[in-house]
Each structure stands twice: as structure tokens, then as C-alpha cells.
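Asker: Residue numbers for the sequence shown follow my numbering, beginning at 9 and rising by one. For each residue, glycine too, the CB sits at the ideal point set by N, CA and C.
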Amino acid sequence: MRLDSSRIVRNVICLVALLALASAPLLAQTGIDLLDPEQVLRAGEQDRLEGVATVRATLDEAPNAVLQTTHVRETLQYDDGDFENFKDESPNLAPRGGGELEEWVQRFDVEDDSTLVSASVCFLRPDGDLSRSLDFKLRFYSNVVRDRVSYPGPRAGLVYNIEADIRRPGVPTCLTLRDHLVGKVLDEGTHWVGVEWNTGTRKRLGGDHYTNDDKADTDRNDRAIHETEVRFRRLPVEPLTVNEGWLDPRQGDRTLTASGLKAIGIRLEVQTTHPALPDPDPDPGPDPDPDPEPEPDPDPGVITPPPTGPGYSACRPTVAPLTFEGGIKVSLCYETADGRMDDARAVYESDYSGLLYFFESDNAEVFVKVLDGCAINRHRWLYVAPLTDVAFNMYINDGRTPTWTYHNKLGDQGEIRANLMAFPCTR
């Protein structure tokens, strides 16, 4: 039987056209240019049993997830878009080679409960690299604090396998990731986002470093104040490794290759939902006058002369900013290193406890608590916890018992004191 070659060609053309029409709506939804074969990347499927999702990457693609009028979008980004480690001969974040797996994570502070619209990760395919393929994993972690240092905690959600291509070597490329990531919940708070890839592929993750034109702010010890934190680790991690293997690249054995690291090339676009505002009152009345703050008791009670000697203050309080149950008054004056004297003020007060501040109301200096122990030992119990090394004189009295005093010297860190027989009960 002789085949008609022209008929076969026509049938193949028709079949290709039908396949293109069937796939066009799906591809169009992701914003991929159907005329650019470099952007038609590999699609993946999610394996929910193992907690893994495969995500298609697009090149420099603007996110287009569902937008509602009550939603506000925000891009969380700590880099300035100029990755110094992409420049020739730069050792910063240089791949170690040898087929080693590395994971780098960056901390993100989410101010409001949000959902993820997209993520983007910036890589460089170096000149001379013959492979366009770039496969990596994306993970989200919660935050844990150990010894006052933040680290990635348990994994939060799926592992995302990213399948992508980088078309042009030598050109920084930012890959936009959506698919299964869209709608991921990011609660208010601290999150870590990590990228794991094989450094033997020579692909280089973006690193933004401080420069003379973009210097880091420093603290009083001349240490850099970083807007975000970065960690890295080599995989696989041995069991019982400290902090699950996470290291600070700004310290330790990465000092030479990550010195001055500001951020890495990971960004998030999130969507925050805001509640609808109520209809305005058609005829609102004047706002009521706010309740005036209570004035401190002008009578501080019995004040004994303060001690003399180096470091002690000669100040004497003029008011009692705290008055507790049982008529117990608390007064305190302080003196700064330059000789300025003043009364402490109350930032919080209840029947049994209160906070005093010296300079700013959001910076409490002394905590005082007086508990009713009358049913136990017929006395009120006193606790004082100063959190300052400023010189002060504190007086606490009930008008009957001798005044309880606390005098702190300039430069001494105040100690917590307690007295379970401070003031006898009268009832």
C-alpha cells in the first residue's frame, strides 16, 4: 500500500494545531510567551503524599495571581537589584564545585497575615557554561531563636522542586515562581526562605554586597546593622549537627567569600487582606474629651536622707507616681552621669504592681510589686527589680511603718530585692 506523503504532512499539521489550541489557555494563564520557546518550560505535578510540588519557572515574569479590591500587594525585597557577586572574578558566593549541595536561606519579616502571590530567585549562568538547565529546591521555614540568635526552624509546608532554564549565559536572570506557591499562607511574623542547588552546575545565586555607595549602618561598636539575616549549610546534614548545620555566612569559614553580604537574591510578593471599612456616620458628633491621665500623688511620704559617697545621688523625690492597695506609696528620683536629676514616672500601674521609667515611656527602668500576704503571714510582700545602672533613690512606705529604701550607685546594675515582711497588715 502506497502512502500519500502530502496527506501525512497535512494530518501532522492538523494534530500539532489541535495540541497547540488545547495547551494555549493553560500557558496563557501563566503569562508565558508562546512565540518564545525558551519560556515554555517544563511543567510538573505535585506529589502530595511526600509533601513535594514541582513548579514551573518563567523568566522575569510579572505575577498575575487573583487580585481582589480588598487586597493589597507588597514586594518583600532586601537586595537593591545589583548583585556584586555576578561580576567577573568576584569570589563572593562562588560555587565550591565538586557536586556539593548547598542551601542558602534569607529571613523575611511579614508585617501582616498574608498569602503568597509569587516568589522570585535570581541566578547567573556564567560564561562558558554549556548547560541551560537550572533545577533547585525552594523551602519555607519557621523561625527559632537559640542563644538570642535567629535560625530557620521546622520546615513550613511543601518542598518546591523548581525546573527552569537560563537561556543566555553571563546575564543575570530572575526566575518568577508561582503555580503551587500561589496562596501559601504567611502569618504575621518571621519566616525563612531557602534555595538548595548543586553548586557543581556552576550556577551562582545572586548576592547583594555593601559597597562605598551602599554602606551598612553601624552600631556604636562599629558593627554592621543588617536589615535581614542570611544563613547557609552544606547538605546532607549529619545527625545531631548543631543548629541543623546552619551557619552565618558573615562569620566563620565564609568570611572571605561572603564578607559584606547584604542580602541574597530571593524576593516575595505577598497579598494582605484588609477588612472592609464601616460606613461613615452621616452626622458624627464631636469626639469626647479623653480621660485625663491621673496625676501622681504629690506626697511621697517619709523621705530619709540618701547616703553619701562616690556614685550615690543626693536627689530626693517630690512625688509618688505609684500608689498600691493598702495605701503603699512608691517614689523614686534618679541622677544621670551628667548631673541631671528628676522624678521617675509611671508607665503602668495596678493595685499590686507598676512600672517606672526615667527618659522614655516605652523604656521602663524599674518594676515594683506589692502582694497581699495578709492571710499567710499578716504582711504585704515587696519585690523590686531595677533594670538600670543609673543612680537612683527609691522610697516605699505605708505611712506607718519605717520607709523601705533602695539606693543605687551610678554604674551599678541594680539587683532584684524581695521582702516578705515589708509592711504589716492592719486588718
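1. Which residues in the same chain as Ile424 place their Cβ atom closer than 6 Å to its Cβ, once the five residues preceding and following it in sequence are excluded?
2. Do the region 86 to 94 and the region 159 to 177 make contact, defined as three or more Cβ pairs closer than 8 Å?
3. Express the C-alpha separation of Glu373 and Asn427 in angstroms, rounding to a whole number.
4. Among residues of its own chain, excluding the 5 on either side of Val153, which ones have a beta-carbon nearer than 7 Å to its beta-carbon?
5. For the structure I just gave you, are there three or more beta carbon pairs, one from the region 271 to 278 and one from the region 119 to 131, closer than 8 Å?
6. If you run the structure through DSSP and keep just helix, strand and coil, what is Phe94?
7. How about Ala322: is its C-beta nearer than 8 Å to some C-beta of chain C?
8. Please indicate yes or no: does the CB of His387 lie closer than 7 Å to some heavy atom of the ligand NAD?
9. Please list the terminal residues of the continuous alpha helix (DSSP H) segment that includes Ala271.
10. Between the region 138 to 145 and the region 198 to 211, do at least 3 Cβ pairs fall closer than 8 Å?
11. Any idea if His358 is buried or exposed, counting beta-carbon neighbours within 10 angstroms, 16 or more meaning buried?
12. Let me check one thing: in DSSP terms, what residues is Gln114 bridge-paired to?
13. By a C-beta neighbour count over all protein chains shown, 10 Å radius and 16 as the cutoff for buried, is Asp230 buried or exposed?
14. Do Thr198 and Asp121 count as a contact pair if the criterion is CB distance below 8 Å?
15. Would the region 362 to 377 count as touching the region 393 to 409 if we require 3 or more Cβ pairs under 8 Å?
16. Would you identify the three-state DSSP class for Ala383, choosing helix, strand or coil?
17. Can you confirm whether the region 157 to 174 touches the region 220 to 235 when touching is taken to mean that 3 or more C-beta pairs between the two stretches lie within less than 8 Å?
18. Measuring CB to CB, does Ala328 end up less than 8 Å from Cys341?
19. Give the DSSP-derived three-state secondary structure of Gly362 in the structure shown.
20. Can you check which of these residues, Ser339, Arg386, Ala224, is closest to Tyr403 by C-alpha distance?
21. For Lys377, I'd like the list of residues in its chain whose CB is within less than 7 Å of its CB, leaving aside the five on either flank, ordered along the chain.
22. Would you mind working out which of Asn100, Lys95, Arg81 sits nearest Ala271, comparing C-alpha positions?
23. Give a yes or no on whether the C-beta atoms belonging to Ala399 and Leu418 are separated by under 8 Å.
24. Let me make sure I understand the geometry here. Which of Leu364, Phe367, Asp380, Gly407 has the alpha-carbon closest to that of Lys337?
25. Kindly list the residues whose CB is nearer than 6 Å to the CB of Ser369, restricted to its own chain and excluding five residues on each side of it in sequence; keep chain order.
26. Could you tell me the alpha carbon to alpha carbon distance between Leu185 and Ala65, rounded to whole angstroms?
27. Would Ile274 pass as a contact of Val190 if the rule is Cβ separation under 8 Å?
28. Thinking C-beta only, is Arg388 closer than 8 Å to Glu237?
29. Where does Gly422 fall in DSSP's three states?
30. Please identify the residue among Val310, Trp112, Pro247, Leu363 whose C-alpha is closest to the C-alpha of Pro325.
31. Could you pull out every residue in the same chain whose Cβ sits closer than 6 Å to the Cβ of Leu132, ignoring the five residues on either side in sequence?
32. Let's see if you can read the secondary structure: which residues bound the beta strand (DSSP E) around Trp412?
33. Nearest to Thr226 by CA position, among Asp380, Asn416, Gly268, Asp305, is which residue?
34. Less than 8 Å between the beta carbons of Glu303 and Ser321, yes or no?
35. Run through the DSSP bridge pairs and tell me what Arg353 is partnered with.
36. Go ahead and label Val245 buried or exposed: buried means 16 or more other beta carbons lie within 10 angstroms of its beta carbon, across all protein chains shown.
Answerer: So, from the listed chains and residues:
1. Excluding positions up to five away in sequence, the list reads Ala393.
2. Look at the beta carbons and you see the region 86 to 94 not touching the region 159 to 177: under three pairs across the two are nearer than 8 Å.
3. Rounded to whole angstroms, the gap between the alpha carbons of Asn427 and Glu373 is 20 Å.
4. Leaving aside the five residues that flank Val153 on each side, none in its chain has a CB nearer than 7 Å to its CB.
5. Yes: the two stretches touch, three or more of their Cβ pairs being nearer than 8 Å.
6. Three-state DSSP puts Phe94 in a helix.
7. Of the protein chains in the structure, only one exists, and it is not chain C.
8. Among the ligands in the structure shown, none appear at all, so the ligand NAD cannot be discussed.
9. Looking at the DSSP string, Ala271 is not in any alpha helix (DSSP H); the run it does join, the beta strand (DSSP E), is 269 to 272.
10. At 8 Å Cβ cutoff, the stretches touch.
11. The question names His, but residue 358 in the sequence shown is Ser. The residue in question, Ser358, is exposed, as its Cβ has fewer than 16 Cβ neighbours within 10 Å.
12. Looking at the DSSP output, Gln114 shares a beta bridge with Val201, Val238.
13. The residue is exposed, with fewer than 16 neighbouring Cβ atoms inside 10 Å.
14. No, they are not a contact pair.
15. In the pairwise beta carbon analysis, the region 362 to 377 is classified as touching the region 393 to 409: at least three pairs are separated by under 8 Å.
16. Helix at Ala383.
17. Result no; under three Cβ-Cβ pairs closer than 8 Å.
18. Contact: no.
19. In this structure, Gly362 counts as strand in the three-state DSSP scheme.
20. Comparing Cα positions, the closest option is Ser339.
21. Closer than 7 Å at the Cβ level, and outside the excluded window around Lys377, lie Tyr360, Ser361, Tyr391.
22. With distances taken between Cα atoms, Ala271 lies closest to Asn100.
23. Contact check for Ala399 against Leu418 passes: the beta carbons are separated by less than 8 Å.
24. Cα-wise, what sits closest to Lys337 is Gly407.
25. Excluding sequence neighbours, Ser369 sits near Val355.
26. Cα to Cα, the separation comes out at about 5 Å.
27. Contact flag unset, no.
28. Not closer than 8 Å, so no.
29. Looking at Gly422 - three-state DSSP - the assignment turns out to be coil, as it is neither helix nor strand.
30. Answer by Cα proximity: Val310.
31. Hits under 6 Å: Phe94, Pro180, Arg212.
32. For Trp412, the enclosing beta strand (DSSP E) stretches over residues 412 to 416.
33. Comparing C-alpha distances from Thr226 to each of Asp380, Asn416, Gly268, Asp305 shows the shortest one belongs to Gly268.
34. Taking 8 Å as the Cβ cut-off, Glu303 and Ser321 do not qualify as a contacting pair.
35. Its beta-bridge partners are Tyr365.
36. Looking at its Cβ environment, which holds fewer than 16 other Cβ atoms inside 10 Å, Val245 is exposed.
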